[in-house]
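Residue 64 in numbering that gives the first Met the number 0 sits at position 65 of the sequence shown; the count goes up by one each step and never skips. We treat Cβ as the ideally placed atom computed from N, Cα and C, and that holds for glycine.
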Amino acid sequence: MSATGHTVLVGVTGSIAAYKAADIVSQLVKRGCNVHVILTQSAAQFVTPLTFLTLSKNPVVTTSFSAETDWKPVHIDLADRASLLLIAPATANIIAELAHGSASHPLTEIALATRAPLLIAPAMNGKMWEHAATQHNVALLRSRGAEFIGPDSGMLACGYEGAGRMSEPSAIVERASALLASR
Ligand SMILES: Cc1cc2nc3c(=O)[nH]c(=O)nc-3n(C[C@H](O)[C@H](O)[C@H](O)COP(=O)(O)O)c2cc1C
0 MSATGHTVLV
10 GVTGSIAAYK
20 AADIVSQLVK
30 RGCNVHVILT
40 QSAAQFVTPL
50 TFLTLSKNPV
60 VTTSFSAETD
70 WKPVHIDLAD
80 RASLLLIAPA
90 TANIIAELAH
100 GSASHPLTEI
110 ALATRAPLLI
120 APAMNGKMWE
130 HAATQHNVAL
140 LRSRGAEFIG
150 PDSGMLACGY
160 EGAGRMSEPS
170 AIVERASALL
180 ASR
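What follows is the structure in structure tokens.
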């Protein structure tokens, strides 16, 4: 089966690479995916819900506590319907929250509630990526079945060079599509 028809949840977190998530969402929609975007509060400092509402043609989740039109909480509804949870870009913070099972906002709630595969595309300063705490959190998540794509090496927005660049949107979409095709 191809990516077509699958529900893909795209979590966007507070990295300067958040603008690249718009391209990822656009490419997934063009491949026939039903995309729902979840923005953390930090992500919304970098990119607006309107961008993702327009590209995905679905409401964007920014809070767990909006007025519901359905009895089912939105994070459970999305978690149940997902074929894939993709987090791109993923901050050091979200990786730590996921590793430790935090459930303090919609994205972490969904990550706990879904049984869909988890694909994580980190983006951060190279020292944050290499820090023992981050590497420990990455290893924990991998041991539970999460898959990581990147980060790539190169010039980082923070002025440093090294590992920490989010992988290219096209590479992330390719990997997401391959995971969907195997479901
Ligand atoms: C301009 C700017 C760029 C940032 N870029 C990153 C980044 O690429 N990766 C990262 O882990 N944190 C980055 N941060 C810090 C995060 O936004 C911060 O840790 C935040 O708490 C993350 O929240 P979230 O994981 O809920 O989205 C950046 C902060 C600022 C002000």
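For the set R30, A122, C32, the Cα lying nearest the Cα of K19 is the one of A122. By the CB criterion at 8 Å, A110 and L118 fall outside the cutoff.
Counting every other CB atom within 10 Å of its CB across the protein chains shown gives F64 a total below 16, marking it as exposed.
A residue is called buried when at least 16 other Cβ atoms come within 10 angstroms of its Cβ; H74 meets this threshold and is buried.
Uninterrupted beta strand (DSSP E) stretches at least 3 residues long and entirely within the region 83-154 occur at 83-89, 117-121, 151-154, given in chain order.
A16 counts as buried, since at least 16 other C-beta atoms from the protein chains shown sit within 10 angstroms of its C-beta. In the three-state DSSP reduction, H74 falls in the helix class (H, G or I). Around the C-beta of E108, 16 or more other C-beta atoms lie within 10 Å, and the residue is accordingly described as buried.
At a Cβ-Cβ threshold of 8 Å, T90 and S14 count as neighbours.
Exposure of W70 is indicated by the presence of fewer than 16 other C-beta atoms within 10 angstroms of its C-beta. The residues M154, in chain order, have a CB closer than 6 Å to that of E160 in the same chain once the five nearest residues on each side in sequence are set aside. The shortest C-alpha to C-alpha distance from D22 to any of S55, T6, H5, Q40 is the one to S55. In this structure H35 is buried. Its beta-carbon is surrounded by 16 or more other beta-carbon atoms within 10 angstroms. For R174, the uninterrupted alpha helix (DSSP H) segment begins and ends at 168-180.
Of the candidates K29, S25, G163, D76, the residue whose Cα lies closest to the Cα of I148 is G163.
About 7 Å separates the CB atoms of V11 and V46; that is less than 8 Å, so the two are in contact. Between L178 and A81, the CB-CB gap reaches or exceeds 8 Å.
The residue from R182, T6, A132, Q40 with its alpha-carbon nearest to that of A78 is T6.
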